[in-house]
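Have a look at the structure below before the remarks.
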DNA sequence: ATTCATATCGAAAACGTTTTCGATTTAACG
DNA sequence: CGTTAAATCGAAAACGTTTTCGATATGAAT
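Chains as they are written, first to last, in full-length UniProt numbering: chain A, 1 to 342; chain B, 1 to 342.
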């Protein structure tokens, strides 16, 4: 084992624990001579500060928590990567928990993180979350919180988002510009803000271009683990319900890929018969055929940005400075590929 | 804030801290009456034990570390999911770090985890790791360690693996059985055990079926972030070098998908001209065209199994029982799809 | 020699919990 | 009533660190 403590260093040098501690942290009231001596023997004995004791004393763990709906997910794993990268640079480690799109789980995971006393929490909401008391509680307990992607507008904290509405507008507009007259929408669940915003962007694009909005063209997906199957099912239903659809704007790539798969099976040609635009730009979308036109959503940057905001908040809180919450909006862009005519 | 401590409960009830602590943990030497009283006021004051103090006292953090080469990766994210799921059930949280396939990073991350004093470590080696001193050090420090997927045979710890050699043999054999006579192999880097084993399985299948082994048919990929591009490049080179190849066994799906993309671009028909078998069964492989024949590698189960082994080791160490390292081998299976003839 | 400033150190409290062990009370029994 | 056993509690040490604050020593200035 490695139970080398300050005490041991102190004893071997016959000085006090306090001096050893201060020497290691370069306090000004320790002579250069003893500093050198202490650092040398610390190195020699392979001293590593006991994180538990440091945590207890300093009241911080240099650890943050991350709650996301799903780990096996191209977008979210990109976010994770961004967060970890940035956090490491600042000396923070990241505990990752998964809500599996369930509100109950989300609450439980939050409690777990709180009981571990993480220094801050990053999260993207579960689809099932409609009540935000658990988040308000967090904030009233003064635990730094930053939400990203799937946020609640009503919760008072920093956020990192994209302009889902505008991106959806762009996507739908592109379908219109490429000649689509009758455009369906596979939307996400009813609750999450970004699913709502994407729907609104779709609707706005239609009305701005004098295309009547037809609710029967809007299909709902849970966008959970069954995304791919939902894409297939909705594509199938769409064909049964309507024979004049020539374009679909789909809430997320995985669903879009399910739809493409089903259309392919049935013999519907993309983009000749139906054009499709997805959302998120999963890597997969660039290698299926036809390659999928989609909205690129910068997951890695979102993760980095989210940590940056959290870090700032943690720092300001430590220094007892006033906190101002910020909402950072990241750029998206339309990636034109082969699932649409141009 | 929430600075409710044992002391506060003790003061409100006018009893000692020791009794409060013991009451909360159902020690036998506390009367039922006071137990009830303590639990009630603890509930009332919303008492949460201070993890830092508990850690310091008990010398454990109920946290484990996980080091993987890459987060944005279908297989590894499945593993993460399995680990988190299992760990949570046993009350452990998971800190995730990424080595980015670099040996230096891997060492650094290991140090970070050690300095946080995690109760155990799960890891899959970076491609760049040839030296195992850092792992041996871990073991000599008695830190529980379980390796999975990309392991080092020589390191003395528990492991969770698949039989890469046999799986590769099966994959290659399938190519042979479907009529391929001249089979190339896109292998992984030279160091990792599983890359070696897959190569050996390929070779064995050839020799068992009287097909001469031709080293010029073996191409190397780094299998890092450029996997997809490497697949394209190698596919291109392969066609320049040889005009008689009719099958390829490829170290990992992402490279295989790159190869398919390139063949598609050039006009080589799959599987008519060349059959392809990948490895890992990324989700993507089931939706590209042609769908990719591959070896299914159970990431989620591997994660679960790895945590189970780690948990056992942690427990036995706490009870000072002898530790016996185990190697668990998980089943793989050949997924027959459209990139091969049958 | 006295005063003052500066440099250097250490004692000790504190963080909040767990656990040992001794003290006290209560009940039980002859 | 005295003795013993069982039940119930609390004092205190310990985990290892950080930090305040006072103590001492050294040197310079008067």
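Beta carbons are placed, not taken as given, at the ideal position from N, Cα and C, and that holds for glycine.
Run of the alpha helix (DSSP H) containing residue i, from where it starts to where it stops
i, result
"residue 57(A)", "51 to 58"
"residue 21(A)", "17 to 24"
"residue 158(A)", "That residue, residue 158(A), is in no alpha helix (DSSP H); its beta strand (DSSP E) goes 158 to 162."
"residue 278(B)", "Run containing residue 278(B): none; DSSP gives neither H nor E here."
"residue 344(A)", "Because chain A in this structure spans residues 1 to 342, residue 344(A) falls outside the shown range and cannot be described."
Cβ neighbours of residue i in the same chain (closer than 6 Å, five flanking residues each side left out)
i, result
"residue 84(A)", "94"
"residue 307(A)", "83, 86, 87"
"residue 146(B)", "122, 158, 306, 309, 310"
"residue 34(B)", "23"
"residue 217(B)", "184"
"residue 224(A)", "101"
"residue 199(A)", "187"
Nearest-angstrom Cβ-Cβ length linking residue i and residue j, presumed shorter than 8 Å
i, j, result
"residue 277(B)", "residue 78(A)", "Wrong, their Cβ atoms sit about 28 Å apart, outside the cutoff."
"residue 300(B)", "residue 81(B)", "6 Å"
"residue 19(B)", "residue 30(B)", "6 Å"
"residue 263(A)", "residue 171(A)", "Their Cβ separation, rounded to whole angstroms, is 18 Å, which puts residue 263(A) and residue 171(A) out of contact at 8 Å."
"residue 92(B)", "residue 63(B)", "6 Å"
"residue 45(B)", "residue 13(B)", "That belief does not hold up - the Cβ atoms of residue 45(B) and residue 13(B) are roughly 11 Å apart, past 8 Å."
The beta strand (DSSP E) enclosing residue i, as first and last residue numbers
i, result
"residue 296(B)", "294 to 296"
"residue 257(A)", "It is not in any beta strand (DSSP E) - residue 257(A) instead sits in the alpha helix (DSSP H) that spans 253 to 266."
"residue 38(A)", "Note, residue 38(A): premise wrong, no beta strand (DSSP E); alpha helix (DSSP H) at 32 to 45."
"residue 9(B)", "Segment 6 to 13 is the alpha helix (DSSP H) holding residue 9(B); no beta strand (DSSP E) there."
"residue 249(B)", "247 to 250"
"residue 333(B)", "333 to 335"
"residue 65(B)", "63 to 68"
Classification of residue i by the beta-carbon crowding that lies within 10 angstroms, buried from 16 upward
i, result
"residue 109(A)", "buried"
"residue 267(B)", "exposed"
"residue 174(A)", "buried"
"residue 150(B)", "buried"
"residue 141(B)", "exposed"
"residue 281(A)", "buried"
"residue 100(A)", "buried"
"residue 367(B)", "Since the first residue shown for chain B is 1 and the last is 342, residue 367(B) is missing from the structure and cannot be characterised."
"residue 55(B)", "buried"
"residue 130(B)", "exposed"
"residue 261(B)", "buried"
"residue 201(B)", "buried"
"residue 197(A)", "buried"
"residue 253(A)", "buried"
"residue 47(A)", "buried"
"residue 303(B)", "buried"
"residue 242(A)", "exposed"
"residue 206(B)", "buried"
"residue 135(B)", "buried"
"residue 339(B)", "buried"
"residue 332(B)", "buried"
"residue 232(B)", "buried"
"residue 295(B)", "buried"
"residue 337(A)", "buried"
Own chain residues within Cβ distance below 8 Å of residue i, not counting five before or after
i, result
"residue 113(B)", "65, 67, 95, 97, 121"
"residue 246(A)", "179, 180, 181, 182, 183, 273, 274, 275"
"residue 237(B)", "219"
"residue 132(B)", "152, 154, 155"
"residue 10(B)", "16, 17, 19, 20"
Beta-carbon contacts of residue i that lie in its chain and below 7 Å, excluding the five residues immediately before and after
i, result
"residue 102(B)", "126, 128"
"residue 204(A)", "169"
"residue 329(B)", "161, 162, 163"
"residue 118(A)", "61, 63, 64, 65, 95"
"residue 227(B)", "221, 252, 254, 255, 258"
"residue 326(A)", "158, 309"
Cβ-heavy atom distance, residue i to the ligand ADP, below 6 Å
i, result
"residue 103(A)", "Among the ligands in the structure shown, none appear at all, so the ligand ADP cannot be discussed."
Requested in this report: Write down every uninterrupted run of the alpha helix (DSSP H) in the region 172 to 219 of chain A whose length is 4 residues or greater and which is fully enclosed by it, in chain order.
Outcome: Those alpha helix (DSSP H) runs which fall completely within the region 172 to 219 of chain A and span 4+ residues are 193 to 208.
Requested in this report: Would you mind listing the alpha helix (DSSP H) stretches within the region 294 to 328 of chain B that are 4+ residues and don't spill past its ends, in chain order?
Outcome: Fully enclosed alpha helix (DSSP H) runs of 4 or longer: 299 to 318.
Report task. Would you mind listing the beta strand (DSSP E) stretches within the region 82 to 156 of chain A that are 3+ residues and don't spill past its ends, in chain order? Result -> Listed in chain order, they are 93 to 98, 120 to 123, 145 to 148.
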